[in-house]
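Counting from 1, one number per residue, gives the positions in the sequence shown under full-length UniProt numbering. Glycine included, C-beta positions come from ideal geometry on N, C-alpha and C. Note that the structure is predicted; figures quoted are calculated from it, not measured.
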Amino acid sequence: MPYTSEHKAQTRARIVSTARRLFTRRGFAEVSIDEIMAEAGLTRGGFYNHFKRKQDLYAEAVEHILTAMPAGGCETDPPAAARLAREYLSDRHVADFDYPCPLVAFSSEVGRGDECVKRAYTQVLDSLIAMMQRSLGPGREARERAVAMATLCVGGTMLARAIDDAELGKEIRRTALDQVLALTDAIAAPAAAPPRARPRRARS
Numbered sequence: 001m002p003y004t005s006e007h008k009a010q011t012r013a014r015i016v017s018t019a020r021r022l023f024t025r026r027g028f029a030e031v032s033i034d035e036i037m038a039e040a041g042l043t044r045g046g047f048y049n050h051f052k053r054k055q056d057l058y059a060e061a062v063e064h065i066l067t068a069m070p071a072g073g074c075e076t077d078p079p080a081a082a083r084l085a086r087e088y089l090s091d092r093h094v095a096d097f098d099y100p101c102p103l104v105a106f107s108s109e110v111g112r113g114d115e116c117v118k119r120a121y122t123q124v125l126d127s128l129i130a131m132m133q134r135s136l137g138p139g140r141e142a143r144e145r146a147v148a149m150a151t152l153c154v155g156g157t158m159l160a161r162a163i164d165d166a167e168l169g170k171e172i173r174r175t176a177l178d179q180v181l182a183l184t185d186a187i188a189a190p191a192a193a194p195p196r197a198r199p200r201r202a203r204s
């Protein structure tokens with residue numbers, strides 16, 4: 001009896017979820033197709049019913065991450081960018097080795113990956129920058145600040161996860177967050193009102 005389309009979709013989703021978890025824990029290059037399928041409770045042969053290569057599986061895992069990322073509103077709201085940065089640089093995110101942002105988890109792997117892998121990684125970075133820019137507003141200045149904020153968030157989290165000095169890791173993240181907040185505050189601060197001219201006194 002052939003499997004239903006619903007069953008195939010559920011199996012594919014299980015493979016993607018398992019792969020993402022293993023890639024995050026151990027790295028893209030260190031995880032084999034056999035390990036992914038065994039962890040998912042499936043046979044290796046079943047992999048090729050859904051994907052041609054491991055790289056294609058990686059790309060789909062990233063696409064699932066993108067669909068789960070909040071799109072954000074259309075109105076300018078600098079505090080929303082600040083909240084996103086606080087969450088990104090939080091203790092919880094640094095300690096999450098199962099489902100962290102792929103920009104943090106896969107950075108060392110992507111440089112050696114093929115175009116499919118790099119394209120998927122770039123999509124996530126573009127999405128993070130776009131979320132921050134939506135909060136800051138339109139224009140070139142907002143775009144530049146959003147790029148700087150994404151760089152601080154990703155770089156600060158990556159370094160904090162990579163070192164074995166917890167206090168230094170906290171200092172790195174605190175400093176990165178301070179810089180991000182300075183960027184959002186500069187956007188949020190209203191322009192200083194021009195001084196009002198004093199009314200001339202009528203001559204007597």
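*Does the beta-carbon of Glu60 have 16 or more other beta-carbons within 10 angstroms, so that it is buried, or is it exposed?*
buried
*Going along the chain, which residues of its own chain have a beta-carbon closer than 6 Å to the beta-carbon of Gly73, five neighbours each way excluded?*
Caution applies to Gly73, whose pLDDT of 45 falls short of 50 and renders its modelled position unreliable; the value that the coordinates give is listed next. Around Gly73: no qualifying Cβ.
*Is DSSP giving Asp34 helix, strand or coil here?*
Asp34 falls in the helix class under three-state DSSP.
*Which whole-angstrom value describes the C-beta separation of Ala95 and Ser135, a residue pair presumed to lie in contact below a C-beta threshold of 8 Å?*
Ala95 to Ser135, Cβ: 26 Å. No contact.
*Taking C-alpha atoms, which residue in Thr157, Asp178 and Gln179 lies nearest to Gly169?*
Thr157
*Count the other C-beta atoms from every protein chain shown that fall within 10 angstroms of the C-beta of Thr175, then say buried if there are 16 or more, exposed otherwise.*
exposed
*Taking the runs of the alpha helix (DSSP H) that are 4 residues or longer, which of them lie wholly in the stretch 38-121?*
44-47, 54-68, 78-88, 91-95, 102-105 and 107-110
*asked:* Helix, strand or coil for Thr151? Go by DSSP, reduced to three states.
replied: helix
*Using 8 Å as the threshold, is the stretch 177-187 in touch with the stretch 139-156, meaning 3 or more CB pairs across them?*
With the cut-off at 8 Å, the stretch 177-187 and the stretch 139-156 touch.
_Measuring alpha carbon to alpha carbon, tell me which residue in Phe106, Cys153, Arg25 and Gly137 is nearest Leu128._
Cys153
*For the putative contact between Leu42 and Ile15, defined by C-beta atoms under 8 Å, what is the C-beta separation to the nearest angstrom?*
7 Å
_Are the CB atoms of Phe106 and Tyr121 within a distance shorter than 8 Å?_
yes
_Counted within 10 angstroms of its Cβ, other Cβ atoms place Ala29 as buried (16 or more) or exposed_ = exposed
*Just reading off the alpha helix (DSSP H) that residue 208 is part of, what are its end residues?*
It is not possible to answer for residue 208, since the shown part of the chain is limited to 1 through 204.
*Tyr3, buried or exposed, once every other Cβ within 10 Å from all chains shown has been counted against 16*: exposed
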